[in-house]
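Listed in order, the protein sequences are those of chains A and B.
The numbering of the first sequence is this note's numbering, which starts it at 3 and goes up by one.
The numbering of the second sequence is this note's numbering, which starts it at 14 and goes up by one.
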Amino acid sequence: MIAQLKSELLKVRSTRTTVGLFAGMVGLTVLIVLLTGLLTHPDDLVSKHDQRGLFAPSAVALIFSGLAGVLLITSEYRYGTIRPTFLFTPRRGNVLSAKLIAGLLTGLVFGAVSLSLAIGIGSLILSARGIPSTLSGSDFAVLIFGGLAGTALRGAFGVGLGAILRNQVAAVIALLAWDFVVNTLVFGLAPSVGRYMPTPAADALMGLKTPHLLSPGAGGVVLLAWTAALALIGLALTLRRDVT
Amino acid sequence: MTAVVAESLTKRFGDVLAVDDLSFTLQPGTVTGFLGPNGAGKTTTLRMLLGLTAPTSGRSLVLGKPYTTLDRPALSVGAVLEATDFHPGRSGRDHLRILCRTVDLPDSRADEVLKIVELQTAAARRVKGYSLGMRQRLGLAGALLGDPELLILDEPANGLDPEGVRWLRDFLRAFASTGRTVLISSHALAEVAQTVDQVLIITHGRFVVESSLHELTSRVGGSVRVRTSKPEELKEALHREQLEASSDQQTLVVRGANTDRVGEIAFNAGVPILELVAEGSSLEEIFLDLTSELSS
Ligand SMILES: Nc1ncnc2c1ncn2[C@@H]1O[C@H](COP(=O)(O)OP(=O)(O)OP(=O)(O)O)[C@@H](O)[C@H]1O
Ligand SMILES: [Mg+2]
Numbered sequence: 003m004i005a006q007l008k009s010e011l012l013k014v015r016s017t018r019t020t021v022g023l024f025a026g027m028v029g030l031t032v033l034i035v036l037l038t039g040l041l042t043h044p045d046d047l048v049s050k051h052d053q054r055g056l057f058a059p060s061a062v063a064l065i066f067s068g069l070a071g072v073l074l075i076t077s078e079y080r081y082g083t084i085r086p087t088f089l090f091t092p093r094r095g096n097v098l099s100a101k102l103i104a105g106l107l108t109g110l111v112f113g114a115v116s117l118s119l120a121i122g123i124g125s126l127i128l129s130a131r132g133i134p135s136t137l138s139g140s141d142f143a144v145l146i147f148g149g150l151a152g153t154a155l156r157g158a159f160g161v162g163l164g165a166i167l168r169n170q171v172a173a174v175i176a177l178l179a180w181d182f183v184v185n186t187l188v189f190g191l192a193p194s195v196g197r198y199m200p201t202p203a204a205d206a207l208m209g210l211k212t213p214h215l216l217s218p219g220a221g222g223v224v225l226l227a228w229t230a231a232l233a234l235i236g237l238a239l240t241l242r243r244d245v246t
Numbered sequence: 014m015t016a017v018v019a020e021s022l023t024k025r026f027g028d029v030l031a032v033d034d035l036s037f038t039l040q041p042g043t044v045t046g047f048l049g050p051n052g053a054g055k056t057t058t059l060r061m062l063l064g065l066t067a068p069t070s071g072r073s074l075v076l077g078k079p080y081t082t083l084d085r086p087a088l089s090v091g092a093v094l095e096a097t098d099f100h101p102g103r104s105g106r107d108h109l110r111i112l113c114r115t116v117d118l119p120d121s122r123a124d125e126v127l128k129i130v131e132l133q134t135a136a137a138r139r140v141k142g143y144s145l146g147m148r149q150r151l152g153l154a155g156a157l158l159g160d161p162e163l164l165i166l167d168e169p170a171n172g173l174d175p176e177g178v179r180w181l182r183d184f185l186r187a188f189a190s191t192g193r194t195v196l197i198s199s200h201a202l203a204e205v206a207q208t209v210d211q212v213l214i215i216t217h218g219r220f221v222v223e224s225s226l227h228e229l230t231s232r233v234g235g236s237v238r239v240r241t242s243k244p245e246e247l248k249e250a251l252h253r254e255q256l257e258a259s260s261d262q263q264t265l266v267v268r269g270a271n272t273d274r275v276g277e278i279a280f281n282a283g284v285p286i287l288e289l290v291a292e293g294s295s296l297e298e299i300f301l302d303l304t305s306e307l308s309s
């Protein structure tokens, strides 16, 4: 299991895919924080809610962690490396578990970097513009730990989704459509249902206070449930399906 | 312990019966050619042996156990199913190091096998820039990582140039000469005739022939080409053994015998042999005869 995890982590590091996603996430995070921090009217950067929004460019890190997770497994099917992988480790459950952990770790790194950049740059901008910080230590704790847990879970979430769909293009489209279309639509039309969707749950986990969101704890449980469900379905299918 | 056992292996894809009640046994130390035309069910059979595909019915054992229950099978079984199973953006060495990690082999083992397949100079390059021949070798390198006693290769000669085919043949011979077992599939008998000592021929998922190469050649009356400095004497000696030979100067073509038999007859007759070859083309004809019989 440890051996398999080492192998999975080297897979992640040895191509430019994840590095490319990482660079994209860093660029977008910086861009969004700069634009929001510099262009927003000072009055709209004062409340806790505003400042959380500035420090938590959640969508970016969550999307990219999910994508990294999806690619972690679908690229094996796309390029056929799944065959040598399963020949070396025929216990497919071990492979998938290692990939889920690799997804968690990748998401964790993505989240850590994204949050550091957003909080670092965001705080600099606030102090440069003379806007006092209104978030308390515990607010920051929820933001940081919730953000890390959210992106980590999203990495594993992506692995689960990828294990179910296998086809890379289909899985990427499914992830983006789910995040941008389904979550937004359902949350917009029926927030009492939509808040149980993965993205609003991840937002809640970071302590965002958009109306109708769950509490951070409940958001965490819901996101964990989604991730576990995808992982288990992905595992069951991976064990059953033929590799051709 | 037998190297490979297949017991009534059957695989159905919807209406297609890809593999139909196939049973066979491979003894350790044998080199077996697994032959059949396109779509015969070779790849499907190998996938079932290696636990990638579940048989519809029947079962198979590799080194005494179902492949999926072997502990770190890569340390005893090396297998390549597709020549192209690499991430194009990853270096050959990294591809191997990734496989090393899963079975706790040191990274240095990757460099050792790269040397065996003569890919050291390309090791750090991304696979994207490899030729098909280089990819075949990289695949083989992956199979060799665990220093296996059994090698299972699906069409390893596909896409190789003549030099590459010869390299592979020499490699497999050297591998087998250490008493290890090889199962290699091909859709051309001539391609493997010089490497294997027994053949399994299938078409439509069923056996047509399961025999040694010698038996096959003699049974269906293959021919042997022999060049000698005394053609007339050899012709007479063959005639005494009820064998007919057509001659063209120094070269005789003998039908219905294998190289062992012709060699012995020549030896007993005291005729020097300059060249003795089982005819590849006639092997190919045998193969076509056998596989088309069932198809029609
Ligand atoms: N995943 C699959 N789904 C449906 N049919 C399949 C699948 N895999 C193989 N088949 C069918 O099973 C039969 C045997 O295919 P297989 O690939 O095993 O043949 P093969 O002997 O390896 O042929 P080739 O020499 O072309 O590689 C073919 O009719 C093929 O179409
Ligand atoms: Mg095939």
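For every residue, glycine included, the Cβ atom is placed at its ideal position computed from N, Cα and C.
query	result
7 Å Cβ shell around B/K248 - same chain, five flanking residues per side excluded	A258, S260, L265
heavy atom of ligand 2 below 8 Å from A/D244 C-beta	no
Contact test: B/E168 Cβ vs ligand 1 heavy atom, cutoff 8 Å	yes
For A/I103, the three-state DSSP class (helix, strand or coil)	helix
Under 6 Å, CB to nearest heavy atom of ligand 1: contacting residues	A/T246, B/F26, B/V29, B/A31, B/G49, B/N51, B/G52, B/A53, B/G54, B/K55, B/T56, B/T57, B/H200
Beta carbon proximity, B/D98 to chain A, threshold 9 Å	yes
Terminal residues of the beta strand (DSSP E) in which B/F220 lies	219-225
Among B/L65, B/Q207, B/P41, nearest to B/G77 - alpha-carbon criterion	B/P41
Proximity winner among A/K50, A/L47, A/T19, A/I65, relative to A/L30 (alpha-carbon distances)	A/I65
Cβ contact check for the segment 153-171 of chain B and the segment 198-212 of chain B: 3 or more pairs under 8 Å	yes
Spatial neighbours of B/G49 in its chain, beta-carbon cut-off 7 Å, leaving aside the 5 residues before and after	K55, H200, I214, I215, T216, T304
Span separating the alpha-carbon of A/F142 from that of A/D181	25 Å
Close-in-space but distant-in-sequence residues of the same chain around A/A204 (CB under 6 Å, 5 per side omitted)	L64, G152, L225
Below-9 Å beta-carbon distance, A/T240 vs any chain B residue	no
Secondary structure of A/K211, DSSP reduced to three states	coil
Three or more C-beta pairs below 8 Å linking the segment 115-135 of chain A and the segment 99-116 of chain B	no
Ligand 2 heavy atom lying under 8 Å from the CB of B/S198	yes
8 Å Cβ cut-off: residues of chain B touching A/F88	G64, L65
CA nearest to the CA of B/I129, picked from B/V116, B/L151, B/L145	B/L151
Any chain A beta carbon closer than 9 Å to B/E95	yes
Whether B/F99 touches B/V140 by CB criterion (9 Å)	yes
A/G148 versus B/Q133: straight-line alpha-carbon distance, rounded	47 Å
Reduced DSSP category for A/S129 - H, G, I as helix; E, B as strand; rest coil	helix
Extent of the continuous beta strand (DSSP E) to which B/E20 belongs	17-26
Three-way DSSP call (helix, strand, coil) for B/V29 in this model	strand
Alpha-carbon spacing of A/W228 relative to A/R156, whole angstroms	10 Å
Residue from B/E204, B/T45, B/F220, B/V275 with nearest C-alpha to B/E176	B/E204
Whole alpha helix (DSSP H) elements within the segment 42-111 of chain B, 4-residue minimum	55-62
Where the beta strand (DSSP E) through B/S260 begins and ends	258-261
Proximity to A/G71 [Cα-Cα], best of A/R85, A/V174, A/G221	A/V174
Any C-beta of chain A under 9 Å from that of B/A206	no
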